[in-house]
Amino acid sequence: MSNTMPPPPPMYPPQPPPPRRGPSNAVVIGSAAAVIAAVVATGIVVVNSGDDDKKPEKTAGAAASAKADDVVADEEEPAEEPEPESGPGSAAGEAAGLNDTVEYGNDVQLSVSKFARGTSGPYGAPENTPYVKFAVQVKNNGKSTVDTSMFTTSCSYGKDGKSSESIYDSDRGLNGGPDTKLLAGRSITVTWACKMPKTEKTIQIEVSPDMDMEAEPAIFTGDVK
1 MSNTMPPPPP MYPPQPPPPR RGPSNAVVIG SAAAVIAAVV ATGIVVVNSG
51 DDDKKPEKTA GAAASAKADD VVADEEEPAE EPEPESGPGS AAGEAAGLND
101 TVEYGNDVQL SVSKFARGTS GPYGAPENTP YVKFAVQVKN NGKSTVDTSM
151 FTTSCSYGKD GKSSESIYDS DRGLNGGPDT KLLAGRSITV TWACKMPKTE
201 KTIQIEVSPD MDMEAEPAIF TGDVK
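Per UniProt numbering, residue 1 is the first one in the sequence shown, and the count goes up by one each step.
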């Protein structure tokens, strides 16, 4: 056996330490992180197309955020209908007697009188029908002309207020309402008739100055013998 020792292994130089990160890199990375955080928080991306007048566009995230802030308003409550004004010469819903006079704004007076029973003839409409006729007087105390052709008259009878037809019979002078203009300071009287069975006594008469029934009607009620 040889006493010769083996040669030692070769010696390698030590590895150099990793380069230290400069302060400029840390600033760049920190600034980039701040920009990303701001974009995520606001959800707004600015598109720079070289036109300084363009407004920033909103991403889907921003639209969703805005939508979440919207609220749906309740439907408006219906406007309260105004209380009807007091009827002519009386409180609303109050009826005058058959011998009373009702006023419209202190200018026009309405009254009914001269009640009489009868039966329409064979040429009446409707024919052979018992009725009550009465005189309707319109008096114009104002300063302007009143169109009486716009007046309407309707009736009901009985305690239950059954609707009554108007009677037209030229042979008995029942020709319907007036068809004239009433000058200031003048009056006109028209004979009107409504169907009413002979066994009934209570009658209600409504006279309205408008054919569309917008104005409060004058209401007369009572018993007819």
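Cβ atoms here follow ideal geometry from the backbone N, Cα and C, with glycine treated the same way. Predicted model only: the values in this text are computed from it and were never measured.
Could you tell me the alpha carbon to alpha carbon distance between ASP160 and ALA193, rounded to whole angstroms? The C-alpha of ASP160 lies about 20 Å from the C-alpha of ALA193.
If ILE203 sits next to CYS155, beta carbons under 8 Å apart, how far is it from one beta carbon to the other, in whole angstroms? Cβ-Cβ separation between ILE203 and CYS155: approximately 6 Å, consistent with a contact (criterion under 8 Å).
Is the separation between the beta-carbon of VAL136 and that of VAL146 shorter than 9 Å? For the 9 Å CB-CB criterion, VAL136 and VAL146 do not form a contact.
Taking 9 Å as the CB-CB cut-off, is ALA184 touching chain C? Reference to chain C is not applicable here, since this structure consists of a single protein chain.
To the nearest angstrom, how far is the alpha carbon of PRO178 from that of SER208? A straight-line Cα-Cα distance of about 13 Å links PRO178 and SER208.
Alpha helix (DSSP H) runs wholly inside the stretch 126-213, at least 4 long, in chain order: Within the stretch 126-213, not a single complete alpha helix (DSSP H) segment reaches 4 residues in length.
Whole-angstrom distance between LYS195 and GLU165, CA atom to CA atom: Taking the CA atoms as reference points, GLU165 sits about 5 Å from LYS195.
Count the other CB atoms within 10 Å of the CB of PRO217; is the residue buried (16 or more) or exposed (fewer)? So PRO217 counts as buried.
In angstroms with no decimal places, state the Cα-to-Cα distance between TYR168 and LYS225. C-alpha separation (whole angstroms): 22 Å.
Closest Cα partner of ASN128 within the set ASP223, LYS198, ILE205, PHE220: For ASN128, the nearest C-alpha among the options comes from LYS198.
Integer-rounded CB distance, given that VAL112 should sit under 8 Å from ALA220: The sequence given here places Phe at residue 220; Ala does not occur at that position. With a beta-carbon spacing of about 5 Å, PHE220 and VAL112 fall inside the 8 Å limit used to define contacts.
With distances taken from CA atoms, which of SER170, ASP171, LYS143 is nearest LEU183? Of the listed residues, the one whose Cα sits closest to LEU183 is LYS143.
With distances taken from CA atoms, which of GLY173, TYR104, LEU110 is nearest ILE205? Selected option, being the one with the closest Cα: LEU110.
Leaving out five residues before and five after LYS201 in sequence, what residues of the same chain have Cβ atoms less than 8 Å from its Cβ? So the list reads ASP223, VAL224, LYS225, once near-sequence residues are dropped.
What do you reckon, are the CB atoms on PHE134 and PHE115 nearer than 9 Å? Yes, they are a contact pair.
Just curious, the beta strand (DSSP E) that TYR104 is in, first and last residue? DSSP places TYR104 inside the beta strand (DSSP E), whose first and last residues are 101-104.
For the beta strand (DSSP E) holding ASP223, just list the boundary residues, first then last. Looking at the DSSP string, the run of the beta strand (DSSP E) that includes ASP223 is 218-223.
DSSP-derived helix/strand/coil call for LEU98: LEU98: coil per DSSP, three-state reduction.
Residue 230 to THR191, Cα distance in whole Å? Outside the displayed range of the chain (1 to 225) lies residue 230, so it cannot be described from this structure.
What does the alpha-carbon distance come out to for the pair LYS162 and ASN175? So the two alpha carbons sit approximately 23 Å from each other.
Between the alpha carbons of ARG186 and GLY158, how many angstroms are there, rounded? Between ARG186 and GLY158, the C-alpha separation is close to 35 Å.
Note down, in chain order, each residue of its chain lying with its Cβ closer than 7 Å to the Cβ of ALA215, except the 5 sequence neighbours on either side. These residues qualify, in order along the chain: SER208, PRO209.
Residues that GLY118 bridges to, as DSSP identifies them: Bridge partners of GLY118 according to DSSP: TYR131.
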